[in-house]
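Working notes for the structure below.
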Amino acid sequence: MENSSNTTLLNTALHEWHKSNGAKLADFGGWEMPIEYSSYLNQSGEKGGVLAEHSAVRESVGLFDVSHLGKIEISGAGTVDFLNEILTNDLSKIKDGQAQYNMICNDNGGVIDDLIVYRKNDEQCLLIPNASNCSQVFNTLQANNKKNLQITNEHTKYGVIALQGPKTTQALESIGVKLKLDYMSFTTIKIAGHENIGEIIVCRTGYTGEYGFEFLPLWQNSL
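Quick note: the sequence shown, position 26, residue 25 per numbering that gives the first Met the number 0, numbers continuous.
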C-alpha cells in the first residue's frame, strides 16, 4: 500500500494476518495499520466495527497490534544519568523493573515526542517512542551522546501486542498465563507450551485507560 505521498508504507509482522481477517487498513505514522475489522461480531452477533470494538475493550477485552511503535535501546555506564539530562521526567523516581511516561524536547523546549522508558537497571534502558517520531528521537539521543553509550534504533527487534480491558486476567489465564504486576512495572515471561516464542517482555502499561498489559516478543515471534 502507498500513502498520499506515494511512499510505500511499512508493515508489522502481523500484517498478513490482519489482511486475511478482514482488517480495514490505513496509514498510521508511515505504517499500514488495522483500523477496524469488518468481520468482527458484537455480543448480539451483529457486525460491529469501531464502536463495537471500543465497547469490547471497555466491557470485556481487546487485542491490539501496536508493533509500529519505536524501540530504542541504550546501554553503558551512566545511561540513567544521560537520560535524565535529555528527558523531562526523573528516572531516579522509579526502580529497576519499572517504566515511566516521559517526554523528549528540543533545545527550545518544544516537544519532540512523548514516550515510555523501561528502566532495566542503571546501565540499560529501553525507550518506546511513537512510530513517526522514532528516527528524530534516536537522532536527538545520538547528537547528545557524550558518554559513549551504545544507542541503537531497534524499531523491528520487538513486536508490541497490547491486551486491554477488564477481562484481561481471564483471557491470560485461559492460556495458562498468570501475571501480577504493579502499574508501570515490567518483567519477562515464557508461555508454557509456546517455548519457541522465547522470552517476552511484558509491562503493565497501555493507552486505553483500562487494565491491561503490553507484550514485547521478538519481532519474528509476534504471530
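We put the beta carbon where it would ideally sit given N, CA and C, even for glycine. Remember, it's a predicted structure, so these values are computed and weren't measured experimentally.
Proximity winner among the options, relative to residue i (alpha-carbon distances)
| i | options | result |
| --- | --- | --- |
| valine 49 | Val60, Glu35, Leu62, Gly61 | Glu35 |
| isoleucine 196 | Asn220, Lys177, Gly175 | Asn220 |
| leucine 90 | Asn120, Ile150, Thr186 | Asn120 |
| glutamate 194 | Gly175, Tyr182, Val116, Gly164 | Gly175 |
| glutamate 278 | Val201, Asn152, Thr167 | Look at the range of the chain in this structure, 0 to 222, and you will see that residue 278 is not part of it. |
| lysine 156 | Ser184, Glu198, Lys145 | Glu198 |
| valine 116 | His154, Leu82, Leu148 | Leu82 |
Backbone CA spacing between residue i and residue j [nearest angstrom]
| i | j | result |
| --- | --- | --- |
| aspartate 26 | threonine 204 | 24 angstroms |
| isoleucine 190 | arginine 57 | 26 angstroms |
| aspartate 80 | cysteine 124 | 11 angstroms |
| lysine 179 | glycine 109 | 37 angstroms |
| valine 201 | arginine 118 | 13 angstroms |
| serine 54 | proline 165 | 11 angstroms |
| serine 3 | tryptophan 218 | Note that serine 3 scores 46 on pLDDT, short of 50, meaning its location in the model is unreliable; the coordinates nonetheless yield the value given after this. One C-alpha to the other measures close to 27 angstroms. |
| lysine 146 | cysteine 133 | 21 angstroms |
| asparagine 144 | threonine 6 | 31 angstroms |
Beta carbon of residue i nearer than 8 angstroms to that of residue j
| i | j | result |
| --- | --- | --- |
| isoleucine 127 | phenylalanine 214 | no |
| threonine 87 | asparagine 101 | yes |
| glycine 28 | alanine 142 | no |
| glycine 61 | serine 38 | no |
| isoleucine 85 | leucine 140 | yes |
| glycine 158 | serine 74 | no |
| glutamine 185 | glycine 96 | What sits at residue 185 in the sequence shown is phenylalanine, not glutamine. Yes, the pair counts as a contact, with Cβ atoms nearer than the cut-off. |
| aspartate 64 | leucine 148 | no |
Spatial neighbours of residue i in its chain, beta-carbon cut-off 8 angstroms, leaving aside the 5 residues before and after
| i | result |
| --- | --- |
| valine 136 | Gly69, Ile71, Ile103, Ile111, Asp112, Leu114, Leu126, Pro128 |
| asparagine 105 | Ile111, Thr139 |
Residue environment, residue i, which counts as buried when at least 16 other CB atoms sit within 10 Å
| i | result |
| --- | --- |
| glutamate 31 | buried |
| serine 173 | exposed |
| serine 19 | exposed |
| tyrosine 182 | exposed |
| alanine 76 | exposed |
| glycine 192 | exposed |
| threonine 11 | buried |
| asparagine 107 | exposed |
| asparagine 152 | buried |
7 angstroms Cβ shell around residue i - same chain, five flanking residues per side excluded
| i | result |
| --- | --- |
| methionine 0 | For methionine 0, the predicted structure reports a pLDDT of 48, less than 50, and the residue's modelled location is therefore unreliable. A value from the coordinates is still provided. Result list for methionine 0: Leu8, Leu24, Glu31, in chain order. |
| alanine 170 | Val60, Leu162 |
| tryptophan 16 | Leu222 |
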